[in-house]
Every structure is written in structure tokens, then in C-alpha cells.
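Take a look at the structure below.
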Amino acid sequence: MPIGPLAAIVKDFEGEPADLIPVLQRVQAICGYLSPETIRLISRWLKISENDIYGVATFFAQFRFTKPGEHPIKVCLGTACHVNGGEQILGVLERRLDIQPGGTTDDGKYQLERVACLGCCALAPVVSIDDKIYGQTSVLKIQEMLDEREKSENA
Amino acid sequence: MSERKAKTLERQRNQAAGAWSELQNNTRPLIFVGAGSCGLAAGAGEVIEAIESHLAKKEYRADILKVGCIGPCYLEPLMDIKMPGEPRISYSNVNPDLARELLDSFFEKGEVPERRLVGHFGEDGFKGLPKFFDHPMLAHQMRVVLRNCGIIDPENVDHYLARDGYRGFERCLSLPWRDVLEIVKKSGLRGRGGAGFPTWRKWLICRETESDKRYLICNADEGDPGAFMNRSLIEGDPHAVLEGMLIAAYTIGASEGYIYIRAEYPLAIKRLKSAIARMRQLGLLGDRILGSDFSFDIKIKEGAGAFVCGEETALIASIEGKRGMPRTRPPFPAVEGLWGKPTIINNVETLATLPNVIRNGSEWFSRFGTETSKGTKTFSLVGKVRRTGLIEVPLGMTLRQVIFDVGGGLLKGFKAVQTGGPSGGCLGEEFLDSPIDYEALAAAGSIMGSGGLIVLDKNTCIVDTAKYFLNFTQAESCGKCVPCRVGTRHLVNILEKISRGKGEISDLARLEQLARTIKGGSLCGLGQTASNPVLTSLKYFREEFLAHIIEKRCPAAVCRDLVVYRIIKEKCTGCQRCVQVCPTAAISGPRSEPHNLDESKCIKCRSCYEICRFDAIAGDAIVIESRG
């Protein structure tokens, strides 16, 4: 019988192979990422090989396999954001946080991601921090936002 | 039992009429805030907080209604006030300060301030103020699918019922399925997901396939980056989509339905979940719906992020718990789909159109549009256009009318418009007067797509845009077939080379040849359309490619390797703002004297350019120019 992080969700599923993606989504929502241990547990529970689980999980952009940072920053690079300077915003964040997209800062505080579209194209360029979406940002506004966060944390 | 079920809805409908009329003839002031995802991104959350605390502080009595997106996103956050006996009056770009000011004006002074006023929703001539729907962005629109968005409370089924909600479905129940199919056939409705296949034909194939079970899937995996019509529609009027699902399921004989929706749309998912729960209470889902022989239920599946899952067979694979990879067709899903059973996949907008078609009849619907493209279509009008947002217009309107009349034109000169997202094409000025319909767009080398309209101005580089789309499709290619997996990679490489000023003339022929191979040889729609952005931009904007290749110049000053940042000495006030923001100390100079920019240190991050533009003290002295 599955244990650990799966205990809370077992009752919501039939335990069939078709449950794989929703199960992975729930596990990631609880644990923040998919660890080798949880994948092993899921494999036993749903009777799908770990190989196949990795095959599915790596196919989709949503799943991550490393511990996420405390504050995820997502830079939207949809078409409207691209033509309105989204790449430059990503560049500024890469330099300032000293990480590449997909990475987490050494102190585990920020995690940087590029996303295909947050669906707020009329307010491009768009960035989300902790799932709150900020519209009409700019390379300066995003830096001011980080400055303020740092200031309020140090205060 | 069955009669009781039918009565539950009737009772609710009566109650709904009361609730709706209370809203129209409110005795307490009502405050509407556009709280869709885009409104919230623009700051509607802060506005709502400010309203709540100010109401409490001043002891004003009023109700707050969070509505969906009404369309003009560039005016968000929108806040409307409806005093008893007066129409709803709408204000734009509201921040917490303005929200408090407006409350004081209306509640204390009894005034209607004119600053940031957009219009009212009442009869002509109210206090000499403009009407909301006469606003230039809205006046040219035809709101059929979006009729409830921004008008009703999306979490309140009463509002939907009071506006003839579920009447279309009730009419279906009284008709044999063939009659419903006939109405849809006569209406001329075509799939709104992109390809434009006649809805009725797909349905008929599915219905006539012998099977013990059939499935209906609502495709809400809006993957086109730059499009958000489906998100706004679900957030603003979830029941319209769900009623559409009931109609479709009844006609094709499906007993189970899925909504496949992007996990990136949490608010839309929440709205759907609560709407489905409400439907269940009203007997609109489950066994023997409203006492009929028709049983149907809906499950939500969250997409895990893969553009290719917009393709029907890939979407099905993903619901089955597998990698979202397409397979060869035929058999088409209408014959052999989910779990091998006949399956219909319809787009959100197609489904939300259905209740209107059934309620008002096929003739009413086919009045809008052109000979072959009937009805209205929603578009997300974004990019370098003045008035950005969600719009709905009759098909057949010209691109010029949409971009200039509805969208208010551009700040800088028009260059191109991209329809159909990464699967579509870049169309230049010569297409401005061609109508938006399935055939005209296909003839131009583009597609209708799901409704993304991205307007590009003279400051947008065509090579860069084509590279952007190919980077996207390359990353989203599932890798199953070689032309798409390897071909798109090479397209990206060649475009990258050109954008760095390293291209050769022979690259253009290579691009074209490769693009045609990918188009002809790919397995699914993703690959077959991936080269459209390249082919159209090569066809219509060849000189821009040549400028990159021969002159090593980016005319729009976008491609990084071909631009320089420069300070215009005569304009520079020496304010030191740029010196402070430069991350690499590329700019130097004493205060009050023109600064110097050291090109060898400059990493082209745009910080200095922005501060020079938007700071009050600085003065437009920094420019980004093409080399050469």
C-alpha cells in the first residue's frame, strides 16, 4: 500500500494507469516536485514502470524534478510578451538572480522559469511571482519589485 | 422522480428571474469590478480590497459583484457603480485611490465624476453621458458568444438562467437528435479551434458509428501563445460552455464528457468546478437529465503543458495517461477516439456558440458572417495595437476594420498582423482589406486559428518574429516524426544565423525548401503548419530578410547582434539616471554633462533606454539603432 505523500490522495483515485497525470499533478502540488522516491511509490501503486512514468512526466512542461525555490518567478514569453520585450526582462532576471531559467538561487529563495503564455496578453509583458500576475512590467519595474521585496525582508 | 427534476430547474428559473430583476432595479448600490485573470493582473484585487475597506470605514452600504472580462483589457481595472434607479456607470484604469474617490463622489456628494468615465449601460441620453457600448472599441463588435461576459456574476447560475440560460438545451430535449443536427448544419457553424471543419459533419460521423459508448471532449487547452479568448469566456460565462456541452453530447449520443483545460488557468478551472457542482444540484448532469432519457456527466482534466495536445489524437493520448503524442489518422477520433470509442472534440468557443444557435435558430446565426464562414468569432487583439483586449466581431469584417476601428490603430506604423499563432502567418499591409474568413486567410498562406491576432508595428522585426515562432514550435514538437523534429530545428538554426548577420543569400532558398518539406511530410497539424510563419514572412517581407543578409542590418532595430545603443549628446541632460541603472557600468560621465556609452561593455539589457524614456528628468536621449 502506498505511503508518505500519497496517503492523502489515494482515496481520490481508482488507481488505474489513466490516473497517472492527475496523480503526478497532485503529488507535485503537495511536494513541490517529483522526487525519485515518490515516482517509485507511484509506480508500485498504479502498476506502471518507473521508466514509463518518467517518459510521461518529462514530456509535459508542468512537471519538475528538483526542489522548487520558495518564490517562483515566471516570465511570460508568449507572442505578445515577446514583441513587447519579454526576453529582456528574462535577461535582467537571469543576471540579477544569477540563474538560468529552470534554476533556483543558491539560497533557495527564487526560482526562475520561462512560460509559454499566462493568458494576459493584452497586458504584455507579463511576469508572475508566487502565482500573482503582474501586467505591463518592464526591465526597470521588475528590478524595483525585487528591490522592494528585499527591503521589506531585511526590515 | 423525473418530473421533480424538471421542476427543480423551473423553480430555480423563477427565482432567477427575481434575482436578475433585483440586480436591474437594485435598492442598494452595486459595485461591479472586472475580476478575470487579466483584470486581476492589472490590479483589480487591490481595487476590491480598497473598496471593501472604504465601504466599511465610511459605513456605506453596497454590494460588490465580481464579473468576468468585458473585453477592453487595456482599460483594466474596470470599476462600475450602479446607484439605485440609475444605470451602471463604468470607469477605467481604476487604482485604489481613484476607487475611494469614486465611492465618495457617488455616495457622499451624489456626483458622477467624468474623469476616466467610459460610459453607462442605460438608455440613451442619461445625464448626457456616453454609453458604454458606444465606446469605439465596442461599437463595432457583435457580442453573441461573449453576451454575458462582464455582465453577469459567473459564479451565480441565477444570472445565467435569467438570461435564457439552458433554454437552448431544453429545446434540444424536445427534439430528436437529427433535428438538432439539422439546425447546426443549417447555421453553417464551423469549428472555432482553428481548422474550421463543419461542426455538424464531424458530429454525424460520430453518431453514425456503432458503439456502446461515445465521448465528448471540450478542448480548453488554449496553447497558442498570445491568445486568451477561451480563458476569458470560461471565466466570464462558464455555464455557456457547459450548456454547449450538453447540446453536443445530446446530439452525438455521448454519455461522458471531459474538459481538457490548461493548468495555467486556475481561475477558469475553479469557475468550471463550481458551475458543474451547481448543474448537478439542478439536475442538469447525471442520470436522466431533467427527466429525459439523456444521461451525461462531465469530468475536468488539467492539461500538463504541451502545445501539441491541441491536436486531437495527442489530446486523447494525454487523457488516457500517456505522452501527448499524435497518431496517424484515419481512423479519426469521431470513429475511434478515447479508449477506442467514437469521440468528438470541440473547442470552447464552438460549444459556447451552440446555445445561441439552438435558442435563436439557424437563420438568426447565419445572418452574421460571409457565404462560407458564418457567425461571429472572438479574437484576442494584442501586440502593438492601441486598444488591446478580447473582441467579438462578425466573420467577414476586414483586418483593417478590426485593427483600426476596433483596435484604434497603432502608435507607430503598421507592419503586419499574425493570425493563427505559431501555425498561422504574418500578413502585411496588402491584406488589410481582405475579410477575416476561413478561406481568405488560407489563401493568404495563414489560418484562422483559434483567434489570436497579434499586431506588429515598424519596430517589430519580421526575422525575429519568425524565429520566435519556430523556436516555440521546435520546443513543442513531440519528436515522433522526423520532418517536424529535425526540420524545425534546422529552420531555427538558419533563422538564428540570419538574425546574427551571418546569413547567406542561399539560406533563403534553403529555408523555403525545408519549410515545404516539413509542411508536406509531417504527421500532425503542428508540423504541417509550423512553417507557415516562415513561408509567409519570406513571401511578404523578403526585403527584410535581405537587409539582414546583405547589409547585415536589422531595419526594426531588434536583433541583438545587429543593434547598438547610442546616446544622443544634444539631448542628454546628464541626469545620471542611466548610469545608476546600468548593470555593467557601460555608461559614465559627470552630472549635467552628456554621458558616454562604452559599446564594448554594453550588454543591451534595455534598462538605460527605459529609464531615459520614462523618467521625468531624463529626455529620450538613448536610442537603439541598427548597425551599419
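Order-wise, the sequence lines are chains A and B.
When you read off a place in the first sequence, starting at 1, and then add 3, the result is the number in our numbering.
When you read off a place in the second sequence, starting at 1, and then add 4, the result is the number in our numbering.
The beta carbon of each residue, even a glycine, is placed where N, CA and C say it ideally should be.
C-alpha gap between residue i and residue j, whole angstroms
{"i": "Arg175/B", "j": "Leu193/B", "result": "18 Å"}
{"i": "Arg235/B", "j": "Gly122/A", "result": "7 Å"}
{"i": "Lys388/B", "j": "Gly413/B", "result": "9 Å"}
{"i": "Gln532/B", "j": "Leu512/B", "result": "20 Å"}
{"i": "Met5/B", "j": "Lys326/B", "result": "At Met5/B the pLDDT is 44, less than 50, meaning the model places this residue with poor confidence and gives no usable figure here."}
{"i": "Cys558/B", "j": "Ile509/B", "result": "16 Å"}
{"i": "Ala321/B", "j": "Ile221/B", "result": "13 Å"}
{"i": "Thr402/B", "j": "Gly379/B", "result": "15 Å"}
{"i": "Ala23/B", "j": "Pro359/B", "result": "22 Å"}
{"i": "Ile273/B", "j": "Phe549/B", "result": "43 Å"}
{"i": "Asn637/B", "j": "Pro128/A", "result": "The structure shown does not extend to residue 637/B, since chain B is modelled only from 5 to 632, so the question has no answer here."}
{"i": "Arg152/A", "j": "Ile132/A", "result": "11 Å"}
{"i": "Ala199/B", "j": "Ala479/B", "result": "22 Å"}
{"i": "Ala420/B", "j": "Cys528/B", "result": "27 Å"}
{"i": "Ala66/B", "j": "Ala281/B", "result": "28 Å"}
{"i": "Gly393/B", "j": "Ile42/A", "result": "42 Å"}
{"i": "Gly417/B", "j": "Ala625/B", "result": "22 Å"}
{"i": "Tyr170/B", "j": "Asp619/B", "result": "54 Å"}
{"i": "Gln145/B", "j": "Leu436/B", "result": "18 Å"}
{"i": "Asp150/A", "j": "Gly632/B", "result": "38 Å"}
{"i": "Leu107/B", "j": "Ile55/B", "result": "8 Å"}
Residue(s) in a DSSP beta bridge with residue i
{"i": "Lys303/B", "result": "Tyr262/B"}
{"i": "Gln114/A", "result": "Pro75/A, Thr107/A"}
{"i": "Asp67/B", "result": "Leu34/B"}
{"i": "Pro398/B", "result": "Thr380/B"}
{"i": "Phe418/B", "result": "Asp461/B"}
{"i": "Arg194/B", "result": "Pro202/B"}
{"i": "Pro439/B", "result": "Thr402/B"}
{"i": "Lys135/A", "result": "Ile132/A"}
{"i": "Val567/B", "result": "Ser630/B"}
{"i": "Thr347/B", "result": "Tyr219/B"}
{"i": "Tyr95/B", "result": "Met83/B, Leu121/B"}
{"i": "Asn600/B", "result": "Ser592/B"}
{"i": "Lys144/A", "result": "Looking at the DSSP assignment, Lys144/A forms no beta bridge with any residue, so it has no partner."}
Simplified DSSP state of residue i, which is helix, strand or coil
{"i": "Gly412/B", "result": "coil"}
{"i": "Ser384/B", "result": "strand"}
{"i": "Val95/A", "result": "helix"}
{"i": "Asp225/B", "result": "coil"}
{"i": "Val389/B", "result": "strand"}
{"i": "Leu121/B", "result": "strand"}
{"i": "Gly89/B", "result": "coil"}
{"i": "Gly425/B", "result": "helix"}
{"i": "Gly432/B", "result": "strand"}
{"i": "Met146/B", "result": "coil"}
{"i": "Ser611/B", "result": "helix"}
{"i": "Met5/B", "result": "Residue confidence is low: Met5/B scores 44 on pLDDT, short of 50, so the model does not pin down where it sits. No coordinate-derived value is stated."}
{"i": "Lys484/B", "result": "coil"}
Beta-carbon proximity list for residue i, same chain, < 7 Å, skipping 5 on both sides
{"i": "Val142/A", "result": "Gln91, Ile92, Val95"}
{"i": "Gly3/B", "result": "Outside the displayed span of chain B (5 to 632) sits residue 3/B, for which this structure offers no information."}
{"i": "Val339/B", "result": "Ile209, Thr213, Pro346"}
{"i": "Asn351/B", "result": "Gly195, Arg196, Gly197, Asn223, Ser454"}
{"i": "Ser450/B", "result": "Thr423, Gly424, Gly428, Gly429, Leu431, Asn536, Thr540"}
{"i": "Val627/B", "result": "Arg570, Ile572"}
{"i": "Gly105/A", "result": "Glu116"}
Sequence-distant residues of its chain with Cβ nearer than 6 Å to residue i (five each side left out)
{"i": "Lys471/B", "result": "Leu499, Ser503"}
{"i": "Leu177/B", "result": "Ser296"}
{"i": "Phe173/B", "result": "Glu247, Leu250, Ile251"}
{"i": "Trp181/B", "result": "Thr255"}
{"i": "Arg92/B", "result": "Asp84, Lys86, Phe125"}
{"i": "Phe545/B", "result": "Ile466"}
{"i": "Ile52/B", "result": "Val37"}
Close-in-space but distant-in-sequence residues of the same chain around residue i (CB under 8 Å, 5 per side omitted)
{"i": "Leu37/A", "result": "Leu27, Val30, Gln31, Ala60, Phe66, Arg67, Phe68"}
{"i": "Glu14/B", "result": "none"}
Presumed contact (8 Å Cβ cut-off) between residue i and residue j, rounded CB distance
{"i": "Leu515/B", "j": "Val538/B", "result": "6 Å"}
{"i": "Val406/B", "j": "Leu457/B", "result": "7 Å"}
{"i": "Gly75/B", "j": "Leu142/B", "result": "7 Å"}
{"i": "Phe383/B", "j": "Ile395/B", "result": "5 Å"}
{"i": "Gly307/B", "j": "Asp225/B", "result": "4 Å"}
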